[in-house]
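Numbering of the sequence shown is given in the numbering used here, commencing with residue 5 and proceeding in unit increments.
Glycine included, every Cβ here is placed at the ideal spot set by N, Cα and C.
All values derive from a computational prediction rather than experimental measurement.
Everything on this sheet refers to the single structure shown next.
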Amino acid sequence: MAKKVLVSGGAGYIGSHVTVELIEAGYDVVVADNLSNCDMTGFEGVKKITGREEIPFYQIDCCDYASVDMLFTEHKIDAVIHFAAFKAVGESVAEPLMYYRNNLVSFLNILEVAKNHGGCNVLFSSSATVYGEAEVLPVTEQTPRLPSTSPYGNTKQMCEDILRDVVFATSSSDAVINGIALRYFNPIGAHPSALIGELPRGVPNNLVPFITQTAIGKRECLSIFGNDYPTEDGTCLRDYIDVVDLAKAHVAAVSRMVEGRMKKGYEIFNVGTGRPVSVYELVSAFEKVNNLRLNYRFVDRRPGDVMAIWADTKLANEELGWKAERTVEETLASAWAWEKYLAGSGNN
Ligand code: UDP
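Have a look at this one:
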């Protein structure tokens, strides 16, 4: 029988791509989402891509213990991928209570319910933000985490630690929790079908949605935050990872857990390409591959930005048997195809 994966936050940007890849790899998937930061576009897209009309969807809030408990009662869950969380750094600084309550309580509920139902495999969606302004690049999983500069970043660090402690405490019990934290670098792009992609609410904080919205005429001009960094072209360096490649890393991690191939009860993997790309290079590549000119200007640095971060991907490559495959050009073409699809579908 197919293994069953609960995807919390499965209607969102990364969750929808992960749901597609899980289904295509033969998993049964249950999606839970409170739709606080997305609508049903992503989930409808998932159904179209996979041709599966019957994927179970629950509009529930993981902060509600009884709702999470109901999911585990109705389904025999082999693994949980936990995405359901707020993710805007700036907003988290303004609304720390909202971030701590939402991001911590939902994860605590998932873990507690999983434990009360006899244990489970839990994949936590973490972030390279835990490394902060790392001194040595690229960062490995052993690179020390630095004190976070935002409540959002704090919740990622705290949830990693909670998972580690729960794994340790349950390891010799009859309700074992196994855990993997995937630390994402900068996920960008869209599914090649252009039926799912990133759908930010309001003015995008992230670079690529701002680029595509500028190209389509929804925003007047892209501001490039800082061209006086000590990098080759003066702009920041990031590790932009294609969202479908990222989704495949989740399938590899879930398979490792459910097939009993973990080397420790709690494992951490960087999920990136290992390739630093500057903001300016990314903008130029977008213009070139899509054959258009983007309106942009250089402005002051954005407070809180680190100059450079990219991943050492050796551990993920070797242990997960996974590697990022799409080129940055292919990914940027997919992001543009998605923006055009949105414009045509009246969704934007
Ligand atoms: N960036 C930019 N203009 C924007 C948004 C982002 O120049 O409108 C830059 C930002 O300074 C950073 C990179 O793009 O160097 C990636 O930013 P993003 O917010 O997408 O991800 P982050 O790395 O901050 O998580």
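Item, Value
"For ligand 1, I want to know if LEU211 counts as a neighbour, meaning its beta carbon is within less than 7 Å of at least one of the ligand's heavy atoms.", "yes"
"Just list the residues that DSSP pairs CYS124 with in beta bridges.", "ILE181"
"Please classify HIS86: does DSSP put it in a helix, a strand, or coil?", "strand"
"Examine ligand 1 and report whether any of its heavy atoms sits within less than 7 Å of the Cβ of PHE90.", "no"
"Tell me whether ASN41, by its Cβ, gets closer than 7 Å to a heavy atom of ligand 1.", "no"
"Hey, could you find the ends of the alpha helix (DSSP H) SER338 is sitting in?", "332-349"
"Taking DSSP as the reference, what is the three-state secondary structure of LEU296?", "coil"
"So, does the region 173-190 touch the region 119-139, judging by three or more C-beta pairs under 8 Å?", "yes"
"So is the beta-carbon of CYS240 under 7 Å away from any non-hydrogen atom of ligand 1?", "yes"
"Terminal residues of the continuous beta strand (DSSP E) containing ALA36?", "32-36"
"By alpha-carbon positions, which one of THR235, ARG187 and GLU58 ends up nearest to HIS254?", "ARG187"
"For PRO142, which residues in the same chain have their Cβ closer than 7 Å to its Cβ, ignoring the five residues on either side in sequence?", "GLY278, TRP314, ALA315 and ASP316"
"Distance check for LEU39 and GLY16, CA to CA, integer angstroms please.", "8 Å"
"Are the Cβ atoms of VAL4 and ASN113 separated by less than 8 Å?", "Given a span of 5 to 352 for the chain in the structure shown, any question on residue 4 remains unanswerable."
"Considering only C-alpha positions, which residue in the set ALA339, ILE228, LEU319 and GLN161 is nearest to PHE302?", "ILE228"
"Using the Cα positions of ARG260 and ILE18, report the straight-line distance between them to the nearest angstrom.", "20 Å"
"Check each candidate in VAL171, LYS327, GLY206 and VAL258 and name the one with the smallest Cα separation from ASP246.", "LYS327"
"Give me the Cα-Cα distance between ARG149 and VAL134, rounded to the nearest whole angstrom.", "5 Å"
"What would DSSP say about ALA138, mapped onto helix, strand or coil?", "coil"
"Would you list the one or two residues that DSSP bridges to SER282?", "LEU241"
"Please classify ILE200: does DSSP put it in a helix, a strand, or coil?", "coil"
"Could you tell me which of CYS225, VAL281 and ALA341 sits nearest to ASN299, measuring between CA atoms?", "CYS225"
"Do GLY221 and TRP342 have their C-beta atoms within less than 8 Å of each other?", "no"
"Grab the span of the alpha helix (DSSP H) containing ILE53 for me, first residue to last.", "45-54"
"Confirm, please, whether the CB-CB distance from PRO191 to PRO204 is below 8 Å.", "no"
"So, for GLU271: in the same chain, excluding its five sequence neighbours on each side, which residues have a beta-carbon less than 7 Å away from its beta-carbon?", "ILE184"
"For THR335 and ALA194, what's the separation of their Cα atoms in angstroms?", "7 Å"
"Could you tell me if ASP237 is buried or exposed, where buried requires 16 or more neighbouring beta carbons within 10 angstroms of its beta carbon?", "exposed"
"Ordered along the chain, which non-local residues of its own chain (more than five positions away) have a Cβ less than 7 Å from that of ALA312?", "LEU141, THR235, CYS240, LEU241 and PRO280"
"Could you have a look at LEU39 and say whether DSSP puts it in helix, strand or coil?", "coil"
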